[in-house]
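Counting in our numbering, the sequence shown runs from 42 upward without gaps.
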Amino acid sequence: MGHGSHEATPLLRRSASFTASPTPRSLQNDRTDRSSLDSRDTVDNADAPKTVVEHNLGGKSTYGQTLFNCIAVLLGIGMLSEPLAFAYAGWFWGTILIVFFGIVTCYTAKLLAYEILVDPRLRSYADIGRKAFGPRSYFLTSSLFCLELFSLSVVLVTLSADSLHAVWPLYSANTYKICSLVVLLPTVFMPLSILSLTSLLGIVSTLLIIAVIFIDGFSKLDSPGSLWSPAETSFSPGTLGEVGVAFGLLMAGFSGHVVIPSLARDMIDATRFDHMANWAFAIATFVYAVIGYAGYLMFGSSVSDEISRDLLATPGYNATLNKIALWLLVITPLSKFALSTRPLNIILEIMLGLDATLSPISEDGKGATTHIDISFMKRMLIAIERIMVPALSISVSILVPQFSVLMAFLGSFSAFVICVIGPISAKIALTGRCHWFDAILLGMSVVMAAWGTFSTIWTV
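1) Give me the Cβ distance between R350 and A126, rounded to the nearest whole Å; I'm assuming they're in contact under 8 Å.
2) Can you check whether the CB of A491 is closer than 9 Å to the CB of L290?
3) What number of angstroms, rounded off, separates the C-alpha of L138 from the C-alpha of G493?
4) Tell me, to the nearest whole angstrom, how far the beta carbon of N188 is from that of S455; I am working on the premise that it is less than 8 Å.
5) Compare the C-alpha of V229 against each of I387, L395 and G473 and name the closest.
6) Taking its Cβ as the centre, do 16 or more other Cβ atoms sit within 10 Å of L262, making it buried, or is it exposed?
7) How would you label M317, buried or exposed, when you count the other beta carbons within 10 angstroms and need 16 or more for buried?
8) Using only alpha-carbon positions, find the residue among V328, A366 and V159 that is nearest to D471.
9) Report the three-state DSSP secondary structure of S345 (helix, strand or coil).
10) Pick helix, strand or coil for Y231, following the three-state DSSP scheme.
11) If we count the other Cβ atoms within 10 Å of its Cβ and call it buried at 16 or more, is R306 buried or exposed?
12) Out of curiosity, what's the CA-to-CA distance linking L185 and I118?
13) Look at V253 and A366 and say whether their C-beta atoms are less than 9 Å apart.
14) Run through the DSSP bridge pairs and tell me what M308 is partnered with.
15) In this structure, does DSSP put D160 in helix, strand or coil?
16) Cα separation between N319 and T326?
17) What first and last residue would you give for the alpha helix (DSSP H) that runs through Y212?
18) Mind checking whether G258 and A128 have CB atoms under 9 Å apart?
19) Ordered along the chain, which non-local residues of its own chain (more than five positions away) have a Cβ less than 7 Å from that of R427?
20) Return the chain-ordered list of same chain residues with a C-beta closer than 6 Å to the C-beta of S381, the five sequence neighbours on each side being excluded.
21) Taking the continuous alpha helix (DSSP H) assigned at I465, which residues delimit it?
22) For A298, name the three-state secondary structure that DSSP assigns.
23) Between the alpha carbons of Y104 and I481, how many angstroms are there, rounded?
24) In three-state DSSP terms, what is L482?
25) Within 10 angstroms of the Cβ of G135, are there 16 or more other Cβ atoms? Answer buried if so, exposed if not.
26) Cutting at 6 Å between CB atoms, please list the residues of its own chain near L422, excluding the five before and the five after it.
27) Closest to I372 by CA distance: which of S246, Q106, L226 and T500 is it?
28) Do you know offhand how far L362's Cα is from F191's?
29) Assign D168 to one of three DSSP states: helix, strand, or coil.
30) For the alpha helix (DSSP H) that G282 lies in, which residues bound it at each end?
31) Tell me the rounded alpha-carbon separation between I462 and I469.
32) So, for T199: in the same chain, excluding its five sequence neighbours on each side, which residues have a beta-carbon less than 7 Å away from its beta-carbon?
33) Where does G117 fall in DSSP's three states?
34) How should A87 be labelled, buried or exposed, when 16 other C-beta atoms within 10 angstroms of its C-beta is the threshold for buried?
35) In whole angstroms, what is the alpha-carbon distance linking T497 and S345?
36) On a CA-only basis, which of S270, G170, S122 and S416 is nearest I459? Give me that one, please.
In structure tokens, the structure reads:
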């Protein structure tokens, strides 16, 4: 990913639309010091010209590669809880909510991409927050990232242990969680070049789970677990608490906005990001809805918070195929743990001052001892910090073992704040005005986030 930029000829005349983000006025050369991000260069979206200026930010990814990466980020373990979300919300509101969340998160993804492309000094989500709200926002943004990433790490531990208990119930899920520390500890010290290979395993696991759901559903003729003989379902939602939990379960699937700025910057032709986002979020919304529909039809209101467990526990399916899928759900979360928590490690090390430049060694060598002592101490503290993260993740997973509760919290609090409330608030701060559409989305998101978070905590 390059750091420079240059202007090209104007192209693309865009019209305003419901999900389209505003088009950039211009991009400035990246000659400004990092501290200049504190200045709030406002961009009036309403008055923005319709001519887009194409800028080369050094991106290496084609349209297709960016689309694939975006879909891979969106589709993940959140799909396992989609049937339960429909069981809580009912057919009508479940469909309305998942389409609504898909549209809103697509819109806010475009807002983030726009801010990144309009100012090449910006590199990340945190940079956007710094520019919009000032340097003091860094601690809040970092804390939210830490909370989201830590919640994800707990979810990964829970999913792996639950899947292992389902396929090999020799020991309890909590015992498997404790034993997983032996597997997780070596991975947190591995280089990214090795950890990145786990992304492919995650994609294969996701595709296989989707295939298994439909193969099982169509291969079984009688209820439960059959798409030919559906279970009893409801058109209307459940209790207010269940609806709140459904908010989080459905929203968790669209939680990927932290990487959106990187995807936008890495596109060769960033002017096509909006079109790419439309397809990526449409595909993710469709896949989540179809999985939610299928799982709800197969198991009705008795569906568990992980449909993969229902598939293994229901007689009449291809046991070998289901066990392969379950074993992938055992291995994949463990293999993705270190990669998913690496940003958390980096943020914690920055906040703790462990990444600071080491004391220089003087020419006469007098500073050598101090340098070695500080270097050794920092390495020790970093090792302790990286050991503590999986240890704490396992501890929280044991204390809060419900997968649906973890996913609902991840969606209700973290996803709403980072994926909707944050981007819209940044747009309002940078433009100096609040459009009625943004005000409605912001108000609804705050209510849903509070409702979902309270409902999730209440169910613990």
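Just so it is clear, CB atoms sit at the ideal spot from N, CA and C, and this is done for glycine as well.
The relevant details are as follows:
1) As a first step, residue 350 must be located in the sequence shown, where it is residue number 309. As a first step, residue 126 must be located in the sequence shown, where it is residue number 85. In fact, because the Cβ distance is near 16 Å, the residues do not count as touching under 8 Å.
2) The residue you call residue 290 lines up with position 249 of the sequence shown. The residue you call residue 491 lines up with position 450 of the sequence shown. Contact flag unset, no.
3) Taking the first residue of the sequence shown as position 1, residue 138 is located at position 97. Taking the first residue of the sequence shown as position 1, residue 493 is located at position 452. Distance between the alpha carbons of L138 and G493 is about 13 Å.
4) As a working mapping, residue 188 is identified with position 147 in the sequence shown. As a working mapping, residue 455 is identified with position 414 in the sequence shown. Residue 188 is actually Leu in this sequence, not Asn. Right, the Cβ-Cβ distance comes to about 6 Å (below 8 Å), so this counts as a contact.
5) Taking the sequence shown and counting its residues from 1, one reaches residue 229 at position 188. Minimum Cα distance to V229 is reached at I387.
6) The residue labelled residue 262 in the question sits at position 221 within the sequence shown. When all chains shown are included, L262 counts as exposed.
7) The count along the sequence shown starts at 1 and reaches residue 317 at position 276. Looking at its Cβ environment, which holds 16 or more other Cβ atoms inside 10 Å, M317 is buried.
8) As a working note, residue 471 is residue 430 in the sequence shown. One detail in the question is off: residue 471 reads as Leu in this sequence, not Asp. Minimum Cα distance to L471 is reached at V159.
9) Residue 345 sits at position 304 when you count from the first residue of the sequence shown. Coil at S345, not helix or strand.
10) The sequence position of residue 231 within the sequence shown is 190, counting from 1. According to the sequence as given, residue 231 is Met; it is not Tyr. It is coil, neither helix nor strand.
11) Here residue 306 refers to the residue found at position 265 of the sequence shown. Classification for R306: buried.
12) Locating residue 185 in the sequence shown gives position 144, where the first residue counts as 1. Locating residue 118 in the sequence shown gives position 77, where the first residue counts as 1. So the two alpha carbons sit approximately 20 Å from each other.
13) As a first step, residue 253 is located in the sequence shown; it is residue number 212 there, counting from the start. As a first step, residue 366 is located in the sequence shown; it is residue number 325 there, counting from the start. Yes, they are a contact pair.
14) Indexing the sequence shown from 1 puts residue 308 at position 267. For M308, which the question treats as bridged, DSSP gives the partners S102.
15) Counted from its first residue, the sequence shown places residue 160 at position 119. In this structure, D160 counts as coil in the three-state DSSP scheme.
16) As a first step, residue 319 is located in the sequence shown; it is residue number 278 there, counting from the start. As a first step, residue 326 is located in the sequence shown; it is residue number 285 there, counting from the start. Answer to the nearest angstrom: the Cα atoms are 11 Å apart.
17) Locating residue 212 in the sequence shown gives position 171, where the first residue counts as 1. No alpha helix (DSSP H) contains Y212, which DSSP labels as neither H nor E.
18) The sequence position of residue 258 within the sequence shown is 217, counting from 1. The sequence position of residue 128 within the sequence shown is 87, counting from 1. No, the pair does not count as a contact, with Cβ atoms beyond the cut-off.
19) Against the sequence shown, residue 427 aligns to sequence position 386. Result list for R427: V229, F230 and N386, in chain order.
20) As a position in the sequence shown, residue 381 is number 340, starting the count at 1. Hits under 6 Å: L193.
21) Against the sequence shown, residue 465 aligns to sequence position 424. I465 -> alpha helix (DSSP H) spans G463 to T472.
22) What you label residue 298 is simply residue 257 of the sequence shown in a count that begins at 1. Reading off the sequence shown, one finds His at residue 298, where the question assumed Ala. Of the three classes helix, strand and coil, the one that applies to H298 here is helix, per DSSP.
23) Translated into positions along the sequence shown, residue 104 becomes position 63. Translated into positions along the sequence shown, residue 481 becomes position 440. Cα to Cα, Y104 sits roughly 32 Å from I481.
24) Along the sequence shown, one-based indexing puts residue 482 at 441. If DSSP states are grouped into helix, strand and coil, L482 belongs with the helices.
25) Counted from its first residue, the sequence shown places residue 135 at position 94. The residue in question, G135, is buried, as its Cβ has 16 or more Cβ neighbours within 10 Å.
26) The residue given as residue 422 occupies position 381 in the sequence shown. Cβ neighbours of L422 beyond the five flanking positions: L395.
27) Here residue 372 refers to the residue found at position 331 of the sequence shown. For the residues S246, Q106, L226 and T500, the minimum Cα distance to I372 belongs to S246.
28) Taking the first residue of the sequence shown as 1, we reach residue 362 at position 321. Taking the first residue of the sequence shown as 1, we reach residue 191 at position 150. If I take the Cα positions, the gap works out to 32 Å.
29) If you number the sequence shown from 1, residue 168 lands on position 127. Note: D168 maps to helix in three-state DSSP.
30) For this step, residue 282 is matched to residue 241 along the sequence shown. Counting along the chain, the alpha helix (DSSP H) containing G282 begins and ends at L281 to A293.
31) Translated into the one-based positions of the sequence shown, residue 462 becomes position 421. Translated into the one-based positions of the sequence shown, residue 469 becomes position 428. Going from the Cα of I462 to the Cα of I469 covers about 11 Å.
32) Here the question's residue 199 lines up with position 158 in the sequence shown. So the qualifying residues of the chain are S438, P442, F444 and L447.
33) Counting from 1 along the sequence shown, the entry for residue 117 is found at position 76. Coil.
34) Position 46 of the sequence shown, counted from the first residue, corresponds to residue 87. Its pLDDT being 39, under 50, A87 is placed unreliably by the model, and the measurement read from it follows with that caveat. By the 10 Å Cβ count, A87 comes out exposed.
35) Looking up residue 497 in the sequence shown gives position 456. Looking up residue 345 in the sequence shown gives position 304. One C-alpha to the other measures close to 16 Å.
36) To locate residue 459, count along the sequence shown from 1; it is residue 418. Taking only the C-alpha atoms, the option nearest I459 is G170.
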